[in-house]
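Chain order of the listed sequences is V and G.
According to the working numbering, the first sequence is numbered sequentially starting from 502.
According to the working numbering, the second sequence is numbered sequentially starting from 83.
Beta carbons are placed, not taken as given, at the ideal position from N, Cα and C, and that holds for glycine.
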Amino acid sequence: NAGVTQTPKFRVLKTGQSMTLLCAQDMNHEYMYWYRQDPGMGLRLIHYSVGEGTTAKGEVPDGYNVSRLKKQNFLLGLESAAPSQTSVYFCASRLLGSWINSPLHFGNGTRLTVT
Amino acid sequence: KNEVEQSPQNLTAQEGEFITINCSYSVGISALHWLQQHPGGGIVSLFMLSSGKKKHGRLIATINIQEKHSSLHITASHPRDSAVYICAVDTGNQFYFGTGTSLTVIP
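Here it is in structure tokens:
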């Protein structure tokens, strides 16, 4: 099993450009999450999904959109990138909620720089 | 407002020392997770616990639900334990993360 795979690993964008980050998991997990990690701050939730076809906003959703058309994929889109979106982005997944032993599995991260 | 507070922020230890990292939280939780982030950036889950204590090798995690506090202990620390350790509280659908404790173990 590959686990959670994020692409790309690195990206540099100019202000106003758009891009899509792809997260793929092969563990049949229901829950998927997109986080951003900034220096001095904990991981912050952008959007999440509790199943195929469902998405919900997290703590910092502005400027991002997501889609979960297939259970194994969770896409994060930036329609018009801004320098404030410079960050490291992590995708994570878990089998179900916390009522079963369901740890988080993380991708290796995408380092995005917006100039 | 920080739902999760970790201490210390930075920790330097000599190889072999016993290490404790603390986590306090203010929200109702269904579970608490300890994560490890290596210098390369990857994050792995160490523990998920909702009560009592768990042990994996030299790592021990404890939680006191009444006091809303958890600790991560590392016995006989080793340079390969150098990493950032992150506490995350699990409300069922969402997580709240601490800012991490950066641990450096010197040979």
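Using alpha carbons as the reference points, say which of the options lies closest to residue i.
{"i": "Leu597 (chain V)", "options": "G:Ala158, G:Gly134, G:Pro189 and G:Asp172", "result": "G:Asp172"}
{"i": "Lys150 (chain G)", "options": "G:Ala158, G:His160, G:Thr157 and G:Gly134", "result": "G:Gly134"}
{"i": "Ile103 (chain G)", "options": "G:Asp163, G:Gly122, G:Val126 and G:Ile111", "result": "G:Asp163"}
{"i": "Val126 (chain G)", "options": "V:Thr614, V:Cys592 and V:Arg612", "result": "V:Cys592"}
{"i": "Gly552 (chain V)", "options": "V:Gly578, V:Arg512 and V:Asn529", "result": "V:Asn529"}
{"i": "Asn146 (chain G)", "options": "G:Ser89, G:Ser106, G:Glu87 and G:Gln88", "result": "G:Ser106"}
{"i": "Asp585 (chain V)", "options": "V:His548, V:Thr616 and V:Ala503", "result": "Checking the displayed sequence, the identity of residue 585 (chain V) turns out to be Ser instead of Asp. Answer by Cα proximity: V:Thr616."}
{"i": "Thr577 (chain V)", "options": "V:Ala503, V:Pro540 and V:Leu613", "result": "At residue 577 (chain V) the sequence reads Leu, which differs from the Thr that was named. When each option's Cα is compared against that of Leu577 (chain V), the closest is V:Leu613."}
{"i": "Phe607 (chain V)", "options": "V:Gly564, V:Phe575 and V:Thr587", "result": "V:Phe575"}
{"i": "Gly123 (chain G)", "options": "G:Val166, G:Asn84 and G:Ile142", "result": "G:Val166"}
{"i": "Tyr590 (chain V)", "options": "V:Thr611, V:Leu605, V:Leu579 and V:Pro604", "result": "V:Thr611"}
{"i": "Tyr97 (chain G)", "options": "G:Thr181, G:Lys137, G:Pro161 and G:Gln148", "result": "Looking at the sequence itself, residue 97 (chain G) is Glu, so the reference to Tyr does not match. Of the candidates G:Thr181, G:Lys137, G:Pro161 and G:Gln148, the one whose C-alpha sits nearest the C-alpha of Glu97 (chain G) is G:Pro161."}
{"i": "Gln91 (chain G)", "options": "G:Asn175, G:Ser108 and G:Cys169", "result": "G:Cys169"}
{"i": "Arg140 (chain G)", "options": "G:Thr183, G:His115 and G:Glu99", "result": "G:Glu99"}
Identify, in the order they occur along the chain, each residue of the same chain with its Cβ nearer than 7 Å to the Cβ of residue i, setting aside the five sequence neighbours on each side.
{"i": "Thr94 (chain G)", "result": "Thr186 and Ile188"}
{"i": "Gly517 (chain V)", "result": "Ser581 and Ala582"}
{"i": "Leu579 (chain V)", "result": "Ser519, Met520, Gly564, Tyr565 and Gln586"}
{"i": "Phe179 (chain G)", "result": "Val86, Ile168 and Ala170"}
DSSP has residue i in a bridge; who is on the other side?
{"i": "Phe591 (chain V)", "result": "V:Tyr536"}
{"i": "Phe100 (chain G)", "result": "None; Phe100 (chain G) has no bridge partner."}
{"i": "Ile188 (chain G)", "result": "G:Gln96"}
{"i": "His53 (chain G)", "result": "The structure shown does not extend to residue 53 (chain G), since chain G is modelled only from 83 through 189, so no value can be given for it."}
{"i": "Val505 (chain V)", "result": "V:Gln526"}
{"i": "His606 (chain V)", "result": "V:Ser594"}
{"i": "Ser106 (chain G)", "result": "G:Glu87 and G:His151"}
To which residues of the same chain is residue i closer than 6 Å at the C-beta, ignoring the five residues directly before and after it?
{"i": "Ile191 (chain G)", "result": "The question about residue 191 (chain G) has no answer here: the residues shown for chain G are numbered 83 through 189."}
{"i": "Ser153 (chain G)", "result": "Thr102, Asn104 and Thr144"}
{"i": "Gln526 (chain V)", "result": "Val505, Gln573 and Ser594"}
{"i": "Ser132 (chain G)", "result": "Ala113"}
{"i": "Glu87 (chain G)", "result": "Ser106"}
{"i": "Ser108 (chain G)", "result": "Glu85"}
{"i": "Glu531 (chain V)", "result": "Gly552 and Leu597"}
Starting from residue i and walking both ways along the beta strand (DSSP E), at which residues does that stretch end?
{"i": "Ser575 (chain V)", "result": "This sequence places Phe at residue 575 (chain V); Ser is not what is there. Run containing Phe575 (chain V): Asn574 to Leu579, per the beta strand (DSSP E) assignment."}
{"i": "Thr521 (chain V)", "result": "Met520 to Gln526"}
{"i": "Gly552 (chain V)", "result": "Arg545 to Gly552"}
{"i": "Ala557 (chain V)", "result": "Thr555 to Lys558"}
{"i": "Arg512 (chain V)", "result": "Phe511 to Leu514"}
{"i": "Pro568 (chain V)", "result": "First, the residue type needs correcting, since residue 568 (chain V) is Ser and not Pro in the sequence shown. Run containing Ser568 (chain V): Tyr565 to Ser568, per the beta strand (DSSP E) assignment."}
{"i": "Leu613 (chain V)", "result": "Thr611 to Val615"}
{"i": "Glu531 (chain V)", "result": "Where Glu531 (chain V) is concerned, there is no enclosing beta strand (DSSP E), given that its DSSP letter is neither H nor E."}
{"i": "Ser89 (chain G)", "result": "Val86 to Ser89"}
To which residues of the same chain is residue i closer than 8 Å at the C-beta, ignoring the five residues directly before and after it?
{"i": "Gly110 (chain G)", "result": "Thr173"}
{"i": "Leu546 (chain V)", "result": "Tyr534, Trp535, Tyr536, Gly559, Glu560 and Val561"}
{"i": "Lys515 (chain V)", "result": "Ala582, Val615 and Thr616"}
{"i": "Lys510 (chain V)", "result": "Asn609, Gly610, Thr611 and Arg612"}
* **Contained beta strand (DSSP E) runs [length at least 3] in the stretch 128–181 of chain G, N- to C-terminal order** => Within the stretch 128–181 of chain G, the beta strand (DSSP E) runs of at least 3 residues that lie entirely inside it are, in chain order, 134–138, 141–146, 151–156, 165–172 and 177–179.
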